[in-house]
Each structure stands twice: as C-alpha cells, then as structure tokens.
Amino acid sequence: MGKVERVLRAAYFALLSVPVAFAPTGVRARVVRRIFRTPFALREPGWWRTLAHSVLSLAVGLVAWFAAFLMILAAVRGIFYPLIAAHDYQHSWGGPTLAGAWAVHFAGGALPFPLWVLLIAGLGVLEQRLAQRLLSRSGPWWPLPVAVVLFAGSVLFFIAWWHQI
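Using full-length UniProt numbering, the first residue of the sequence shown is number 1, and each one after it goes up by one.
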C-alpha cells in the first residue's frame, strides 16, 4: 500500500468514524481491519471502554467533518472568488485588481487542499489508535488525552469561527 493510499484511507476512516461510533464493537473492529488492512482483534472491551470509544470517536469524527467542511469552503471560495465575493476586491487581499485578489484567494483557499487532507488523515490515525487502545486493549495511552484536548480546542475554535461569520 503506497503512502498516498494510506493517507486517503486514514482520511476516509476519520470521516467514517461518526456513524461507526454507534455501531457494535464487532463492526468497529471489522471497519478498522478493512480500511487499514491490518489485523485488529477485539479483546472484550467491556461496556465502559465501548462507551468511551463511542464518545471519543464521535468527538474526533466531528472535528474531522468540520475540517472537511472548512477545506471545501476554502477551496470553493478560492477557486470561484470572482463569483462569490468579488464585490469589493479593491479592498480585499491581493487587490486592488480582480486578478490579484483572485490569485491570493486561490493560493490561500485551493492550494492548501492537500494539507487539509493530511490533517483529516491525522485525525483518522488518531481514531485508529483510539480503537486500538479502547477496543483491542493494546497500543499507546496518548490517544485518550489527545482526543479530549483536540475536541475541547476544536469546540473553542468553532465558537470563535461561528461568531466571526
């Protein structure tokens, strides 16, 4: 499996984790095995580990969906800047010409698309590590506090973003 395929599979898993968070543990294990093509064995996680995985997986999955939303929003606004927000291009970034404003918005919105995909793939890897730790009872301990801090920070970022629009 190539690097690009691994990144795309991890990004796919991050976005898929929202509905999978509510699935039975057997389905969760099967999804991890199929997407990452690695062995994954359930080791009787118990109800509290299953609940913790559901909550943390849902939280990280929501962060991944918000990142995907921002990625698409930035790309669309960057590519279609003259159609969306060119009413005041003299005072916008890259102005005073429309071509300059379009170039700056394209560079800031569409060109970072691969970085957004890498961010979402990183969230997918975090999801995989959460499943390993909570459902398979193996793997490192760090995904648990990272998921909590990531979600808390993302909630604060979402609130700030929401108030600026």
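We treat Cβ as the ideally placed atom computed from N, Cα and C, and that holds for glycine.
Report the rounded CA-to-CA distance for residue i versus residue j, giving the unit in angstroms.
i           : j      : result
Phe113      : Val76  : 11 Å
residue 237 : Arg133 : In this structure the chain extends from 1 to 165, so residue 237 is not present and cannot be described.
Leu42       : Val7   : 24 Å
Arg34       : Thr97  : 50 Å
Ser136      : Pro45  : 7 Å
Glu127      : Gly108 : 28 Å
Ile84       : His105 : 11 Å
Ser54       : Ile79  : 37 Å
Ala11       : His87  : 35 Å
Identify whether residue i lies in helix, strand or coil by the three-state DSSP scheme.
i           : result
residue 226 : In the structure displayed, the chain extends from 1 to 165; residue 226 sits before or after that span and is not available.
Thr50       : helix
Pro82       : helix
Ala23       : coil
Pro114      : helix
Met71       : helix
Gly139      : coil
What residue range does the alpha helix (DSSP H) around residue i cover?
i      : result
Trp161 : Pro143 to Gln164
Gly108 : Leu98 to Gly109
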